[in-house]
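J.: Residue numbers (the numbering used here), protein chains in the order written: chain Z, 584 to 980; chain X, 584 to 980; chain C, 584 to 980; chain S, 584 to 980.
Even glycine gets a Cβ: it sits at the ideal position worked out from N, Cα and C.
The structure is given below, and queries will be raised subsequently.
4 protein chains.
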Amino acid sequence: MKIWVFGLYGIVSTTAMTGAKAIEKGKAPKTGLVTELPEFSEEINKTIPFKFKFGGHEIRQLDKNGYEATLYHWNLNRHFDREFLDAVKDDLSEIRAKKGTALNCGSAMEDLGEIDYLEKNEKLTLSDIVDAIEKDIKEFADEDTVAVNVASTEPVIKYDKQYHDRLNDFEKLIKENKKELITASSLYAYVALKNGIPYINFTPSSGASLPALKELAEKNKVPHAGNDGKTGETLAKTTIVPMFKYRNLKVLGWMGYNILGDLDGVVLNHADNKESKIISKDGVLEKILGYSPFTITEINYFPSLQDNKTAFDFIHYEGFMGRKMKFYFIWDGIDAILAAPLVIDLARFILYAKKKGESGVVKELAFFFKSPMDTDVYNTHEQYQLLVEWFNRLKEK
Amino acid sequence: MKIWVFGLYGIVSTTAMTGAKAIEKGKAPKTGLVTELPEFSEEINKTIPFKFKFGGHEIRQLDKNGYEATLYHWNLNRHFDREFLDAVKDDLSEIRAKKGTALNCGSAMEDLGEIDYLEKNEKLTLSDIVDAIEKDIKEFADEDTVAVNVASTEPVIKYDKQYHDRLNDFEKLIKENKKELITASSLYAYVALKNGIPYINFTPSSGASLPALKELAEKNKVPHAGNDGKTGETLAKTTIVPMFKYRNLKVLGWMGYNILGDLDGVVLNHADNKESKIISKDGVLEKILGYSPFTITEINYFPSLQDNKTAFDFIHYEGFMGRKMKFYFIWDGIDAILAAPLVIDLARFILYAKKKGESGVVKELAFFFKSPMDTDVYNTHEQYQLLVEWFNRLKEK
Amino acid sequence: MKIWVFGLYGIVSTTAMTGAKAIEKGKAPKTGLVTELPEFSEEINKTIPFKFKFGGHEIRQLDKNGYEATLYHWNLNRHFDREFLDAVKDDLSEIRAKKGTALNCGSAMEDLGEIDYLEKNEKLTLSDIVDAIEKDIKEFADEDTVAVNVASTEPVIKYDKQYHDRLNDFEKLIKENKKELITASSLYAYVALKNGIPYINFTPSSGASLPALKELAEKNKVPHAGNDGKTGETLAKTTIVPMFKYRNLKVLGWMGYNILGDLDGVVLNHADNKESKIISKDGVLEKILGYSPFTITEINYFPSLQDNKTAFDFIHYEGFMGRKMKFYFIWDGIDAILAAPLVIDLARFILYAKKKGESGVVKELAFFFKSPMDTDVYNTHEQYQLLVEWFNRLKEK
Amino acid sequence: MKIWVFGLYGIVSTTAMTGAKAIEKGKAPKTGLVTELPEFSEEINKTIPFKFKFGGHEIRQLDKNGYEATLYHWNLNRHFDREFLDAVKDDLSEIRAKKGTALNCGSAMEDLGEIDYLEKNEKLTLSDIVDAIEKDIKEFADEDTVAVNVASTEPVIKYDKQYHDRLNDFEKLIKENKKELITASSLYAYVALKNGIPYINFTPSSGASLPALKELAEKNKVPHAGNDGKTGETLAKTTIVPMFKYRNLKVLGWMGYNILGDLDGVVLNHADNKESKIISKDGVLEKILGYSPFTITEINYFPSLQDNKTAFDFIHYEGFMGRKMKFYFIWDGIDAILAAPLVIDLARFILYAKKKGESGVVKELAFFFKSPMDTDVYNTHEQYQLLVEWFNRLKEK
C-alpha cells in the first residue's frame, strides 16, 4: 500500500518509514504494531500485505531526501538502533517530499529553522494551493493509498458557521480565497477526501473535523478517522482511570505533567499552538468517570530530553469512609517510537475499512486517539474491544 | 443480612464493620463499595437492604468486644476518622467473637501475641472442632447469612489426593482425626457449605478450593467464591498490563515490591505463611499477556508503615524497532480501607447469587480476587464486564 | 521565652504552638527540632529553657481564641494526633490575637473568608497603624521576646530607592502616609526592630529586607534573619544538587512541580502573590552549581491535599562521555509539620544571638531559609556546618 | 601515567579506557571526572598529564584485544555513543590482557561463559601464581603506574588470624600454598604493593584490606585506597540521609531496591558472591545517623536492563509531634558510565598521593567508596570536603 504523509520529514514520519521498511526486509521485530496482534494479523496481511511506499508534503528540509531527513532526527535523538537506518538507506533515499502549505500554522513555525511553503508565493490563491497539493497527491496515489496528517500541531482556528458547516460553503471559502479562515490540515484533508483517499488525522489540528469535510467524506464514501494519536500519558490515564471507577473510588484530583524536548515541544511552547493540544486532553477524565475531578494537565518544553517524553501523574483518591490515598506513575517513553507504529496501523485499518465499504468517520478506531471523533468511549479497554468487534464484523463481510 | 467472619477482630473485619454500620447510620459515604455503583445499586438494595449484623470466630483478643478490638487497630493505624468509630460504638460493643481454630496456621501465629483456639484443648478431635464451629454458626445464622474468611494467610498444605479430592474422603479425614492434613480455613469452609451458607475466601488460604469442598457446594447448591482479595498492587497490575498487550508492546520485565507493616506483614515474613501469598501473585502476567516476562514480586515487612501498604512497580518494555522504554508506578494505599468494602460487596453479591439460585463456584466474581477460582480471566476490565453481565443475567431471572 | 507571631492563627503558627506546649508538658517527642540535636541542646536549654508564651497579630478568625483557631485547622488537615491538641487546650485557649495589618497583601486575601485589619478604618494613617502595632507588642514583650513573620506571602512591592534605601527616608514614608509603598510585613519588621526585638522573616515577603530596615537593625543592635523557611522541595534540592556538582555530573535540566491545597496554595494561585514565591526559588541551582541549567519550577493549588504538600522533581543530567541519565524524587510531606519546629528553632537561635551580642543580619541562619539574606551559601550541608561553627563561636563568648 | 587493571576487559574497565582515550584526543567532554573540577584540575594536570596507557589481567575473552572486548560490551549495552569507540579503535586494539587468577572467586564465575585462569594449571602453586602476575606487571610498570581492581565481586573469605593478620604470616600462606585461604583480589593487591605500585580496590572484595597487606603498604611506603566504588544508590543515600539528620527528622525505615542486568547482576545473584556486596551496603545509615533504622537493601538481577542500574528507595520518616511522612527516589543510571570516570580519578589521585609521599591507607579518598577504609565518614558532603582539604594540604608540600 501507499501512504501519503503531511509532515513527511518529521520525526514520527521518518521513524514510521524506517521501521516499516526495516520490518519489510525482516530486519526489525514487529513489536508495537497492533495490526500484527493475533486478533488482526492473518486477515490484515492477506488483504494488505506488509509492503509500503511513502510520499508526502513538507515545509522544512526540502533540500533533503528521506534518508538525509531521517538521519537528521536520528543524530539528535538516537531513538532507535543505527543498524535499522543503515538497512533501509536506499529505500529512504528515494523519497522526496513535495512543498506543502503552512497556512495559519502559528508563530511556532518560525522557530523550526528554514521553512518553505506554497503560500510564500503571495500570488497563490487558496484554489492554487489546493490544485498544487492535488497534483502532487494524484501523481503518487493509486487505489491502495491513504493520507495521514502528522504535521506539527496548529493553533485552533475559530469555527465559522458560515464557511465551515457545509461543503458548499467550504468550497466557496476556497473560491473566495478566505485564507484567514482555514488551516493547512483542513486543506490537506479536503484534497484527500475529494480524491477518495482515506484520511487519518494523527494530530489535534482540525483536519477533517469540520462538518463541511465530514459531509465531503460521506458524499464521496471515504472513511476517515482522528484526532490526535494516543501514545503516552493519555494512554496510561485512560487505561488506569477505569480502575477507580469500577471500584467506586472517588478521584479527588489528577495532576499530569508532561515534558518533552523535540520540535513538538518547541511548537507547544507557543501559546497559540498549545491551545489545541490542551483541549484534546481536557474531558478525558470526565468522559470516563462521569464527573470532573480537579485536574492539572501541563505540557512543558524540556530541551535536553529531545524526543524522550516523560510524564508524571499523581492521582489523589478517596476510598472507604472517605479515606484519602495516593497513586503515582511515571511514563518514560520515546514519543516517535510510540507514535510511529500507530501511523502504520491506522493506515492499514483505514484502507481495510475502505476495502470493506466503510465511509465517513470510523469511530471504532477511537482506540488510537486522544480525542476520538464522534464517540464518548474513552476507556482504552472498551475502545480495544470495539476495535476487535468492528474488525470481526468487517471480516465477515 | 448477616455476615459470619472468620478472623472477626482482624483489621479488615473491624474496618468493614465500622464502615458498614457508619454507612447504615448515614454517617459515612458509600465510596469504595462496588455494589453502590449505578450498575448494581438499585437492584441490590431492593433485594438486600444495607443493614448488617456481624459475628464470627477469632483466636486473638477473645476477652474484648468488637468495639474494643476495633479501637486496638485504630490506635495503631488511625486508618479512618475517629468520628466513625465513635458513631458506631454501641453497635460494635455488642459483637463478641467465638473461639475459633488455628489448625496448621503456621509459625507466624506465635508472633501475634496471646492467642487461644479450640485445639489448644488437645482432647478435641476434628469432629469436636467441627461441631463447636457449627454450633456457633447455627446459633447466629438465618436464611440471609453468608460466611467470609479474612483470617491471616495460612501456609500451603500439601494436596492429598486420598483425602482432599472427594467429599466422602474429606469427611473420613475428619472422622479419622487427621489433623495434620487440614487447615483452619478449610474446616470453616466445610461447616459453612455443609449448612448451606454461601462462603467467600478473601485470603490466599485453601478455604473451599479443595475439590472435596467444591463437591459439597455443588451437592448442597451453595454458591461460593475466592481466592484472595485483589486490593492493591495486583489490582493496578491487572489494570495496566492489558495496555501493553493491546498495543503489542512487549513486557521485558516486571518488578513489584510490596511493603507493609501490619499483622499481615508479620505473618508474611514467616517463610511458611509467605508461600501461599507468593503463589497467588504468580501467573497473573502470563495469564493476561500469554507469555512469561521476567518478574520479581516481593512482599516485605516494614513495621513503621503499619497498615499503609506501599508498592513500587517497574515495568521494562519494548516498543517499535525493539526500543526499550520504562514505566513506574507507586501505590500508596491503606490495606484495610481497600479491602473492607470488598468484604461487604462480596457478602451481598454471594447472597444475591444464592437468592437467584446460583450454586458452586461463582467465577463471575473474579473481579474481586487475585487468584480467581475456575477462570483464566485476570484482566480487571474483562472481569468487571463479566460481573456486570452476570448481574444483569441474574436480575432477569 | 516569648514569641510574637505575625499570622498567629495560621496553620504554621498554631502547629508550632501546639507542638511547643505539648513538648513542654512532656506529651510529644522533640523530633524535628534542630535546637534539640546534640550539637546545640545542652547549651540552648541552659540559656533559653524550653518554655514558651505566644501572642501575635492576625487578620482572620479574630473572634476565636488560640484553641478554637487551632481546632479549625486541625479539622481540615488532621495533621497531627488529636491527643496533642487536647493536652494543650487550656494553654491555647488563653491566647488571643490582636488585630493586625494586611497592607498591600494582595488580592488573595479576599479569598480567605472574613478578614479584618487596622486599615479598614480608612482614617488610620501609617503612623496610627505603627502605633497600634507597637502598643500590642509592647504590652506583651519582655527582654526575652522575639518576633516571627509567618503570615501569607505578599505580592512583591516595587523597590523605591527614595523611601526604602535609608532609615530616615523610610520614617518619612510613614510620616507622609505613603500607604502604597509599603507592605504589612515591613511595617511589622519596623516595629519589632525599633523596639529591639529580634525578628525572623519565615516568608518570602519583604519583611526586614529593605536596606532602611537593615540600617535600623544595625543601629539598634538587633539581630534578624530570613527569608522564607526552607521546608520541602527546596530543602531536598539544596541537599541533592551538590552531589552532581561534586561528581562533575552536568545538570541538563531540573523540573520541580509542587502541589498543595492549604491557604498557602490559595494565596499562591493569585498571580500577584505568587511572584515573590517564584523569585525565592529562582537561582538556587545556579548558586550551588555555578551555572544555570534549564529549570521548570511550578507551585500549583491542589485542593484535596490540604496541607499535604507533594513535590515531584526530575533531574536530567549528563555523565561520562556525555551520556544522559535520570534522577527522580517525590516529596510527600505535611507543610505545617515541617515548618512549625523551625519557627521554634529560629526563635531560640535569634534570641541566643541577641544574648551573645549579635546584631544585624545573622547570615549563619541560612540553613533555615530558601533565600538566605546576605550570603551565597545555598548548599544545605555547608549551611549546617556554618550554623554549628557559628553556634560554637557564640558559646565561647 | 599507566594503569594496570585487574578485570581489564570488564565493562567498567573498557568504558574507562574508551573515555580516557577519547578525552585525550579531544573527542569527548570531561564530564564526570572529579579531577577535572576547578578545585583539582590545574594542579593535577600539571603533575599528572591527561595521558593514559592501560594493561591488566583478565580471565575472560583472552582471545580478544581491547577493542574487540569493548565492542562486545558496547553491542550489549549501547552505553555511550558509538563515535567515541570508533575514535579510539587503534588505541584499544593495541591492548592485550594477560591471563590472571580467579582464585576463590565463587560459583558465579562459571556463568560468565568461557574463562581461563592461571590456576587451571593445577600444578601451579601460589608462589607460581604470584610470580606470573608479578612478571606481567613488572613488564608494564614504570614510576607512574598504579593498579586498580575492578574484577567481579568475590565471595567473602573467612578471616584467618593465623595467616591474614601479619605480613610474615601472609607470605608463609603463599609459601605453604594455602590456596583455600586467599582470593584473587588479595593476591593482586599483594603483588602491587610488594612492587611499590599504588593500589585501588574499586570492588567490595577483600583486596588490600587484610591487616597483613596494610602492613606491607606501610612497610613499602605505598599509598592505597578502597573499598567498593560509590556510584549509584549509595551515593544518593549518603547525600540525602544527612538532610534528615540535620533537621532532627527521625528515619523510621529505609527500603532500597536495586536492579541491574549486567554481569555484575549475574554474579550478585549467586548467594556466595552477593554476601560481600550486601555487607558493604550495611551500616551506611547507622554511620551517618547514629542509630539503626529498619532497612531493606536488595540487589536483584533484572536481565533486560543490561548495564542500566535502576534503584528505588523509599524513606519513611517522622517529623514534629511524631507525624510520619514519606520520601521516594528513583535512580536511573548506567553503572559503567558512573563508575568509569572514578577509576580514572582514583588512579590520578593515588598517584598524586605517591608523588607527595603519602603511604598506607589514604582514608581521605573515602568520597569514592561505599565502604571507605579506616574512617567513619560516610556523609558524601563531609567526604568531599575532606578530599579537597587533603588535596590542598598535599599541594602545599
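Taking the beta strand (DSSP E) that S:A730 falls in, what are its first and last residues?
T.: Residue numbering aside, residue 730 of chain S sits at position 147 when the fourth sequence is read from its first letter. First-last of the beta strand (DSSP E) with S:A730: 728–732.
J.: For Z:S676, which of Z:E702, Z:F637, Z:R976, Z:A685 has the nearest alpha-carbon?
T.: Position 93 of the first sequence, counting from 1, holds the residue named residue 676 of chain Z. For Z:S676, the nearest C-alpha among the options comes from Z:F637.
J.: At what residues does the beta strand (DSSP E) containing Z:A808 begin and finish?
T.: One-based indexing of the first sequence puts residue 808 of chain Z at position 225. Its beta strand (DSSP E) spans residues 806–809.
J.: If you follow the beta strand (DSSP E) that Z:E901 is in, where does it begin and where does it stop?
T.: Numbered from its first residue, the first sequence carries residue 901 of chain Z at position 318. Run containing Z:E901: 891–901, per the beta strand (DSSP E) assignment.
J.: Please list, in chain order, the residues of the segment 655–673 of chain Z that have any C-beta partner in chain X closer than 9 Å.
T.: Here the close residues are H662, F663, D664, F667.
J.: How about C:I765 and C:T821: are their beta carbons less than 9 Å apart?
T.: The residue given as residue 765 of chain C occupies position 182 in the third sequence. The residue given as residue 821 of chain C occupies position 238 in the third sequence. Against a cut-off of 9 Å, the Cβ pair of C:T821 and C:I765 comes out as no contact.
J.: Could you tell me whether any Cβ in chain X is nearer than 9 Å to the Cβ of Z:K608?
T.: The residue labelled residue 608 of chain Z in the question sits at position 25 within the first sequence. No - not a single Cβ of chain X is within 9 Å of the one on Z:K608.
J.: Using a cut-off of 8 Å between C-beta atoms, extract the partners of Z:K907 located in chain C.
T.: The count along the first sequence starts at 1 and reaches residue 907 of chain Z at position 324. Simply S887.
J.: List the whole-angstrom C-beta distance separating C:N660 from C:I606, where the pair is believed to meet the contact cut-off of C-beta under 8 Å.
T.: Counting from 1 along the third sequence, the entry for residue 660 of chain C is found at position 77. Counting from 1 along the third sequence, the entry for residue 606 of chain C is found at position 23. Contact flag wrong, Cβ pair sits at about 20 Å.
J.: Reducing DSSP to helix, strand and coil, say where C:V944 ends up.
T.: Numbered from its first residue, the third sequence carries residue 944 of chain C at position 361. Correct three-state label for C:V944: strand.
J.: Who are the neighbours of Z:W914 on chain X, taking C-beta pairs under 9 Å?
T.: Position 331 of the first sequence, counted from the start, is the residue given in the question as residue 914 of chain Z. Per Cβ cutoff of 9 Å: M908, K909, F910, Y911.
J.: What does a CB cutoff of less than 6 Å around S:K703 pick up in its chain, not counting 5 residues either side in sequence?
T.: Here residue 703 of chain S refers to the residue found at position 120 of the fourth sequence. So the list is empty, once near-sequence residues are dropped.
J.: Measuring alpha carbon to alpha carbon, tell me which of S:I927, S:Y935, S:D699, S:P886 ends up nearest S:G615.
T.: The count along the fourth sequence starts at 1 and reaches residue 615 of chain S at position 32. When only C-alpha atoms are compared, the closest one is S:I927.
J.: Alpha carbon to alpha carbon, how far is C:A680 from C:D719?
T.: As a working note, residue 680 of chain C is residue 97 in the third sequence. As a working note, residue 719 of chain C is residue 136 in the third sequence. For C:A680 and C:D719, the distance between alpha carbons rounds to 10 Å.
J.: Buried or exposed for X:N831, please, with buried defined as at least 16 other CB atoms from any protein chain shown within 10 angstroms of its CB.
T.: For the purposes of this step, residue 831 of chain X is identified with residue 248 of the second sequence, where counting begins at 1. So X:N831 ends up on the buried side.
J.: How close, in whole Å, do the beta carbons of S:T874 and S:D896 come, if the pair is a contact with beta carbons under 8 Å?
T.: In the fourth sequence, residue 874 of chain S corresponds to position 291, counting from 1. In the fourth sequence, residue 896 of chain S corresponds to position 313, counting from 1. Here the sequence assigns Tyr to residue 874 of chain S, which means Thr is not the residue at that position. Rounded, the Cβ-Cβ distance is 18 Å, inconsistent with contact.
J.: So, under 8 Å CB-CB, X:F885 and S:F589 are touching, yes? Tell me the CB distance rounded to an integer number of Å.
T.: As a first step, residue 885 of chain X is located in the second sequence; it is residue number 302 there, counting from the start. As a first step, residue 589 of chain S is located in the fourth sequence; it is residue number 6 there, counting from the start. About 39 Å separates the two Cβ atoms, so there is no contact after all.
J.: Can you tell which of Z:L750, Z:E901, Z:S792, Z:G836 has its C-alpha closest to the C-alpha of Z:A767?
T.: For the purposes of this step, residue 767 of chain Z is taken as the residue at position 184 of the first sequence. Checked all of Z:L750, Z:E901, Z:S792, Z:G836; the closest Cα to Z:A767 is Z:S792.
J.: Which two residues bound the contiguous alpha helix (DSSP H) that contains Z:N658?
T.: Residue numbering aside, residue 658 of chain Z sits at position 75 when the first sequence is read from its first letter. Element bounds for Z:N658: 649–660.
J.: Are the Cβ atoms of C:L934 and C:P825 separated by less than 9 Å?
T.: Position 351 of the third sequence, counted from the first residue, corresponds to residue 934 of chain C. Position 242 of the third sequence, counted from the first residue, corresponds to residue 825 of chain C. In this structure, C:P825 does not lie closer than 9 Å to C:L934 by Cβ.
J.: I'd like to confirm the pairing. Which residues does DSSP put opposite X:D915 in its beta bridges?
T.: Sequence index remark: in the second sequence, residue 915 of chain X carries index 332 (1-based). Per DSSP, the beta-bridge partners of X:D915 are Z:K909, X:T893.
J.: Please report the straight-line C-alpha distance between S:A670 and S:Y746, rounded to a whole angstrom.
T.: Taking the fourth sequence and counting its residues from 1, the one referred to as residue 670 of chain S is at position 87. Taking the fourth sequence and counting its residues from 1, the one referred to as residue 746 of chain S is at position 163. About 48 Å.
J.: DSSP state of C:I678, grouped into three classes?
T.: On the third sequence, residue 678 of chain C is found 95 positions in, with the first residue counted as 1. It is coil, neither helix nor strand.
J.: Following the continuous beta strand (DSSP E) through C:L637, name the residue where it begins and the one where it ends.
T.: If you number the third sequence from 1, residue 637 of chain C lands on position 54. One detail in the question is off: residue 637 of chain C reads as Phe in this sequence, not Leu. Here the beta strand (DSSP E) through C:F637 covers 636–641.
J.: Excluding the 5 residues preceding and the 5 following S:S1005 in the sequence, name in chain order all residues of the same chain whose CB lies nearer than 7 Å to its CB.
T.: Only positions 584 to 980 of chain S appear in this structure, which leaves residue 1005 of chain S out of reach.
J.: Where does S:K706 fall in DSSP's three states?
T.: What you label residue 706 of chain S is simply residue 123 of the fourth sequence in a count that begins at 1. Three-state result, S:K706: coil.
J.: How is the beta strand (DSSP E) around X:E881 delimited, first residue to last?
T.: What you label residue 881 of chain X is simply residue 298 of the second sequence in a count that begins at 1. Element bounds for X:E881: 877–884.
J.: CA-CA distance, S:E763 and X:N658?
T.: Position 180 of the fourth sequence holds residue 763 of chain S. Position 75 of the second sequence holds residue 658 of chain X. Those two C-alpha atoms are separated by around 56 Å.
J.: Going along the chain, which residues of its own chain have a beta-carbon closer than 8 Å to the beta-carbon of S:K761, five neighbours each way excluded?
T.: By 1-based counting over the fourth sequence, the position of residue 761 of chain S is 178. So the list reads L709, Y746, once near-sequence residues are dropped.
J.: Chain Z beta carbons: is any one of them nearer than 9 Å to that of C:N883?
T.: Along the third sequence, one-based indexing puts residue 883 of chain C at 300. Closer than 9 Å: yes.
J.: In terms of residue numbering, what span does the beta strand (DSSP E) encompassing S:I740 cover?
T.: Your numbering for residue 740 of chain S matches position 157 in the fourth sequence. Here S:I740 belongs to no beta strand (DSSP E), and DSSP marks it neither H nor E.
J.: Does chain X have any CB closer than 9 Å to the CB of Z:P612?
T.: Locating residue 612 of chain Z in the first sequence gives position 29, where the first residue counts as 1. With 9 Å as the cut-off, Z:P612 counts as an interface residue toward chain X.
J.: According to DSSP, is X:M826 part of a helix, a strand, or is it coil?
T.: Taking the first residue of the second sequence as position 1, residue 826 of chain X is located at position 243. Reduced to three states, the DSSP call for X:M826 is helix.
J.: Are three or more beta carbon pairs between the segment 733–746 of chain X and the segment 680–691 of chain X nearer than 8 Å?
T.: yes
J.: Considering only the alpha carbon of each residue, which of Z:K907, Z:D845, Z:T880 lies closest to Z:N891?
T.: What you label residue 891 of chain Z is simply residue 308 of the first sequence in a count that begins at 1. The shortest C-alpha separation from Z:N891 is found at Z:D845.
J.: When DSSP labels each residue in this structure, what does C:N989 get in the three-state scheme?
T.: As shown, chain C starts at 584 and ends at 980. That puts residue 989 of chain C outside it, with no answer to give.
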